[in-house]
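J.: In numbering that gives the first Met the number 0, the protein residues as written are 0 to 395.
Glycine included, C-beta positions come from ideal geometry on N, C-alpha and C.
Computed from a prediction, not measured in an experiment: that's the story for all the values here.
Here it is, the structure in full.
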Amino acid sequence: MKIRTLKEIANLKGKKVLLRVDFNVPLKKNGDVQDDTRMVESLPTIKYLQKKGAKIIIVSHLGRPDGKVKEELRLTKVAKHLQKILKKQVKKVDESIGENVEKAISKLKDGQILMLENIRFHKEEETCEKNFTKKLASLADLYVNDAFGTAHRSHASTAGVAEYLKAYAGLLMEKEIKHLSPLLDKKIPRPLTMIFGGAKIDTKIGIIQNFLKKADYFLMGGALANTFLYAAGYNVGNSLYEKDKKDIAQKIMMECEKDKDKFVLPHDLIVASEISDKVATKNIPVEDVIGDMKILDIGKWSAEKFCNIITKSKTIIWNGPLGFCEFKPFQKGTEAVAKFLAKSKCTSIIGGGDTADSLKRLKINPEKFTHVSTGGGACIEFLSGEKLPGIEALRQ
Ligand code: 3PG
Numbered sequence: 000m001k002i003r004t005l006k007e008i009a010n011l012k013g014k015k016v017l018l019r020v021d022f023n024v025p026l027k028k029n030g031d032v033q034d035d036t037r038m039v040e041s042l043p044t045i046k047y048l049q050k051k052g053a054k055i056i057i058v059s060h061l062g063r064p065d066g067k068v069k070e071e072l073r074l075t076k077v078a079k080h081l082q083k084i085l086k087k088q089v090k091k092v093d094e095s096i097g098e099n100v101e102k103a104i105s106k107l108k109d110g111q112i113l114m115l116e117n118i119r120f121h122k123e124e125e126t127c128e129k130n131f132t133k134k135l136a137s138l139a140d141l142y143v144n145d146a147f148g149t150a151h152r153s154h155a156s157t158a159g160v161a162e163y164l165k166a167y168a169g170l171l172m173e174k175e176i177k178h179l180s181p182l183l184d185k186k187i188p189r190p191l192t193m194i195f196g197g198a199k200i201d202t203k204i205g206i207i208q209n210f211l212k213k214a215d216y217f218l219m220g221g222a223l224a225n226t227f228l229y230a231a232g233y234n235v236g237n238s239l240y241e242k243d244k245k246d247i248a249q250k251i252m253m254e255c256e257k258d259k260d261k262f263v264l265p266h267d268l269i270v271a272s273e274i275s276d277k278v279a280t281k282n283i284p285v286e287d288v289i290g291d292m293k294i295l296d297i298g299k300w301s302a303e304k305f306c307n308i309i310t311k312s313k314t315i316i317w318n319g320p321l322g323f324c325e326f327k328p329f330q331k332g333t334e335a336v337a338k339f340l341a342k343s344k345c346t347s348i349i350g351g352g353d354t355a356d357s358l359k360r361l362k363i364n365p366e367k368f369t370h371v372s373t374g375g376g377a378c379i380e381f382l383s384g385e386k387l388p389g390i391e392a393l394r395q
């Protein structure tokens with residue numbers, strides 16, 4: 000795959016660079032950064048641009064504010080955290096376009112950094128609205144995209160601005176493509192097992208469909224599994240699940256029906272009455288979920304079953320924790336499977352900010368896996384052979 004890369008830019012000195020990063024990082028309750036993996040991974044690009052004397056204008060999203068200003072999703076604390084790990088000043092503005100932003104950019108000296116406000120506070124970001132995209136592009140001379148984690152979105156800052164500015168891949172974007180490309184499509188060693196957890200069912204359901212013919216096993220956990228359990232007719236109590244995805248979930252399960260064990264739902268679960276670090280939990284069969292119980296992790300026997308299937312596999316692609324890993328009582332399923340996978344000899348690709356965060360919480364060395372990607376949805380969409388708008392915009 001031929002893309003234009005940062006190192007091809009002949010002269011960066013004094014150039015204003017619009018740098019799209021994916022600093023959509025897990026946050027603590029007080030808004031501080033919980034896991035900075037995605038930020039650390041983009042440091043080489045930022046440092047390279049600084050060294051070459053560029054004026055760096057950082058753009059990112061944080062969460063899903065749906066086009067509205069949400070105080071808890073401002074990038075102020077993220078900018079502070081960047082300043083801490085970079086050990087260089089990071090200026091921040093509370094807007095993403097407009098006069099104040101232009102003024103702040105005009106004051107930048109070579110090598111200095113300015114972070115714009117959460118770009119998704121503007122609804123025009125996600126619709127890639129033309130005027131907004133043009134205004135954003137007009138802030139800079141060049142565009143560098145290091146946001147592999149958001150490359151599957153066709154938004155103003157991830158793809159649109161490339162219509163108005165010459166676009167290059169950052170070093171992280173280049174690294175992700177380099178690691179994941181050898182696994183594209185037919186080159187994936189089989190049996191291929193997909194492990195899905197977490198909560199973003201809207202992104203993942205399409206990806207599961209893409210992989211129905213390519214993968215040999217699907218192991219389901221997290222809130223995602225609850226939707227499938229509900230669609231399969233189980234009582235999911237007071238758990239998080241998506242009612243409106245019932246039909247598509249049933250269709251997926253029916254398509255897998257003829258192959259025994261192809262689509263594996265947890266047959267036992269960890270339940271509790273509330274989500275906290277101190278709550279009492281029970282490991283019960285799926286049939287025993289009732290009333291206001293919340294399903295918060297896969298059970299011990301399901302984790303064992305997942306590990307048995309990993310033993311039979313040559314490639315594992317894993318996206319999303321299997322339980323609510325922010326809380327200790329619900330980490331065991333993810334921990335058992337991650338530790339087992341870390342010892343296995345198969346090719347293992349782990350994707351997504353929350354999955355990387357879980358590995359960190361569980362103190363599991365990411366180097367035990369073939370590749371830990373900063374992309375969740377982006378990583379598996381890329382591996383399914385889909386063209387990602389953020390990467391297409393960088394093609395030579
Ligand atoms: C992610 O966390 O997967 C990326 O930052 C993209 O976020 P999104 O699913 O809200 O577009």
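Would you list the residues sitting across from His370 in a DSSP beta bridge?
T.: Counted from its first residue, the sequence shown places residue 370 at position 371. DSSP lists Ile348 as partners of His370.
J.: Within 10 Å of its beta-carbon, does Asp356 have 16 or more other beta-carbons around it, so buried, or fewer, so exposed?
T.: What you label residue 356 is simply residue 357 of the sequence shown in a count that begins at 1. Classification of Asp356: buried, given that the 10 Å Cβ count is 16 or more.
J.: Measure the beta-carbon distance from Gly169 to Asp145 and round it to whole angstroms, keeping in mind my assumption that it falls under 8 Å.
T.: By 1-based counting over the sequence shown, the position of residue 169 is 170. By 1-based counting over the sequence shown, the position of residue 145 is 146. Yes, Gly169 and Asp145 are in contact; Cβ-Cβ is about 3 Å, under 8 Å.
J.: Output yes or no for whether 8 Å exceeds the beta carbon distance between Trp300 and His266.
T.: Indexing the sequence shown from 1 puts residue 300 at position 301. Indexing the sequence shown from 1 puts residue 266 at position 267. Yes. Within cutoff.
J.: Using 8 Å as the threshold, is the stretch 112-124 in touch with the stretch 29-39, meaning 3 or more CB pairs across them?
T.: no
J.: Identify the continuous alpha helix (DSSP H) that holds Pro284 and give its terminal residues.
T.: By one-based count along the sequence shown, residue 284 stands at place 285. Not the alpha helix (DSSP H): Pro284 falls in the beta strand (DSSP E), residues Lys281 to Pro284.
J.: Of all the options Ala158, Lys133, Thr126 and Lys86, which has the alpha carbon lying nearest to the alpha carbon of Arg394?
T.: Within the sequence shown, the letter at position 395 stands for residue 394. Out of Ala158, Lys133, Thr126 and Lys86, Ala158 has the C-alpha closest to the C-alpha of Arg394.
J.: In the stretch 67-150, which residue ranges form an unbroken beta strand (DSSP E) of at least 3 residues, counting only runs that do not cross its ends?
T.: 89-91, 112-114 and 141-144
J.: Under 8 Å, with one C-beta from each stretch per pair, do the stretch 119-126 and the stretch 341-352 reach the 3-pair mark?
T.: In this structure the stretch 119-126 does not touch the stretch 341-352; the number of beta carbon pairs closer than 8 Å is below three.
J.: Just to check, is the beta-carbon of Asp21 closer than 7 Å to a non-hydrogen atom of ligand 1?
T.: On the sequence shown, residue 21 is found 22 positions in, with the first residue counted as 1. It does: the Cβ of Asp21 is within 7 Å (strictly closer) of some heavy atom of ligand 1.
J.: For Ile2, which option in Leu135, Ser180 and Ile204 has the closest C-alpha, if you only look at C-alpha atoms?
T.: In the sequence shown, counting from the first residue as 1, residue 2 sits at position 3. Closest by alpha carbon: Ser180.
J.: Taking 7 Å as the cut-off, does the CB of Thr149 come closer than this to any heavy atom belonging to ligand 1?
T.: Within the sequence shown, residue 149 is the residue found at index 150, counting from 1. Yes - ligand 1 has a heavy atom lying nearer than 7 Å to the Cβ of Thr149.
J.: Buried or exposed: Val68, going by 16 or more other Cβ atoms within 10 Å of its Cβ?
T.: Translated into positions along the sequence shown, residue 68 becomes position 69. Val68 comes out exposed.
J.: Say yes only if the C-beta of Gly375 is nearer than 7 Å to one or more non-hydrogen atoms of ligand 3, and no if none qualify.
T.: Among the ligands present in this structure, namely ligand 1, ligand 3 is not found.
J.: Below 8 Å, how does it come out for the stretch 183-196 and the stretch 295-315: are there three or more Cβ pairs, yes or no?
T.: yes
J.: Measuring alpha carbon to alpha carbon, tell me which of Lys134, Asp296 and Ser156 ends up nearest Phe323.
T.: Mapped onto the sequence shown, residue 323 falls at position 324. Minimum Cα-Cα distance from Phe323 among the listed residues Lys134, Asp296 and Ser156 corresponds to Asp296.
J.: Do Ala230 and Gln249 have their beta-carbon atoms positioned less than 8 Å apart in this structure?
T.: Taking the first residue of the sequence shown as 1, we reach residue 249 at position 250. Taking the first residue of the sequence shown as 1, we reach residue 230 at position 231. Yes, these two residues count as a Cβ contact at 8 Å.
J.: What's the call for Gln88, buried or exposed, on a 16-neighbour Cβ count within 10 Å?
T.: Mapped onto the sequence shown, residue 88 falls at position 89. Exposed, because fewer than 16 other Cβ atoms sit within 10 Å of the Cβ of Gln88.
J.: Evaluate contact between the stretch 12-22 and the stretch 31-43, counting only Cβ atoms and requiring at least three cross-stretch pairs below 8 Å.
T.: yes
J.: The alpha helix (DSSP H) that contains Lys165, what's its start and end?
T.: On the sequence shown, position 166 is the one that residue 165 refers to. That residue, Lys165, is in no alpha helix (DSSP H); its beta strand (DSSP E) goes Lys165 to Ala168.
J.: With DSSP run on the structure shown, which of helix, strand or coil describes Arg37?
T.: Taking the sequence shown and counting its residues from 1, the one referred to as residue 37 is at position 38. Looking at Arg37 - three-state DSSP - the assignment turns out to be helix.
J.: Once you ignore the five residues that flank Lys15 on each side, which residues in its own chain have a CB closer than 8 Å to its CB?
T.: Numbered from 1 along the sequence shown, position 16 holds the residue referred to as residue 15. Only Ala53, Lys54, Ile56, Ile104, Leu107, Leu138, Ala139, Asp140 and Leu141 meet the Cβ criterion.
J.: Let me check you understand the geometry: is the CB of Lys244 closer than 7 Å to at least one non-hydrogen atom of ligand 1?
T.: In the sequence shown, residue 244 corresponds to position 245, counting from 1. For ligand 1, not one heavy atom lies less than 7 Å from the Cβ of Lys244.
J.: On the DSSP letters alone, give me the boundaries of the beta strand (DSSP E) that Tyr396 sits inside.
T.: Nothing about residue 396 can be read from this structure; the chain reaches only from 0 to 395.
J.: Which two residues bound the contiguous beta strand (DSSP E) that contains Lys185?
T.: Here residue 185 refers to the residue found at position 186 of the sequence shown. First-last for Lys185: undefined, no H or E at that position.
J.: Would you give the residue range spanned by the alpha helix (DSSP H) that Val421 belongs to?
T.: Because the chain is modelled from 0 through 395, residue 421 falls outside the range shown and cannot be assessed.
J.: I think Tyr233 touches Val288, with their Cβ atoms under 8 Å apart; what is that distance to the nearest whole Å?
T.: The sequence position of residue 233 within the sequence shown is 234, counting from 1. The sequence position of residue 288 within the sequence shown is 289, counting from 1. Indeed, because the Cβ distance is near 7 Å, the residues count as touching under 8 Å.
J.: For Arg360, which of helix, strand or coil comes out of DSSP?
T.: For the purposes of this step, residue 360 is taken as residue 361 along the sequence shown, with counting starting at 1. In this structure, Arg360 counts as helix in the three-state DSSP scheme.
J.: Kindly indicate the opening and closing residues of the alpha helix (DSSP H) around Asn318.
T.: Indexing the sequence shown from 1 puts residue 318 at position 319. For Asn318, no alpha helix (DSSP H) run applies; the uninterrupted beta strand (DSSP E) run containing it begins and ends at Thr314 to Asn318, by DSSP.
J.: For the alpha helix (DSSP H) that contains Ala198, what are its first and last residues?
T.: On the sequence shown, residue 198 is found 199 positions in, with the first residue counted as 1. Here Ala198 belongs to no alpha helix (DSSP H), and DSSP marks it neither H nor E.
J.: Gly352 and Gly196 look like a contact to me (Cβ under 8 Å); what is the Cβ gap, rounded to whole Å?
T.: The residue labelled residue 352 in the question sits at position 353 within the sequence shown. The residue labelled residue 196 in the question sits at position 197 within the sequence shown. So it is not a contact: roughly 13 Å between Cβ atoms.
J.: Cβ-heavy atom distance between Lys281 and ligand 1 below 7 Å?
T.: The residue you call residue 281 lines up with position 282 of the sequence shown. No; taking the cut-off as 7 Å, the Cβ of Lys281 has no heavy atom of ligand 1 nearer than that.
J.: Between Glu162, Glu173 and Tyr240, which lies nearest to Ile200 when the distance is taken from Cα to Cα?
T.: Position 201 of the sequence shown, counting from 1, holds the residue named residue 200. For the residues Glu162, Glu173 and Tyr240, the minimum Cα distance to Ile200 belongs to Tyr240.
J.: Any heavy atom of ligand 1 closer than 7 Å to the Cβ of Arg394?
T.: Residue 394 sits at position 395 when you count from the first residue of the sequence shown. No; taking the cut-off as 7 Å, the Cβ of Arg394 has no heavy atom of ligand 1 nearer than that.
J.: With a threshold of 16 other CB atoms inside 10 Å of the CB of Ala279, please say whether the residue is buried or exposed.
T.: Along the sequence shown, one-based indexing puts residue 279 at 280. An exposed status is given to Ala279, since fewer than 16 other beta-carbon atoms sit within 10 Å of its beta-carbon.
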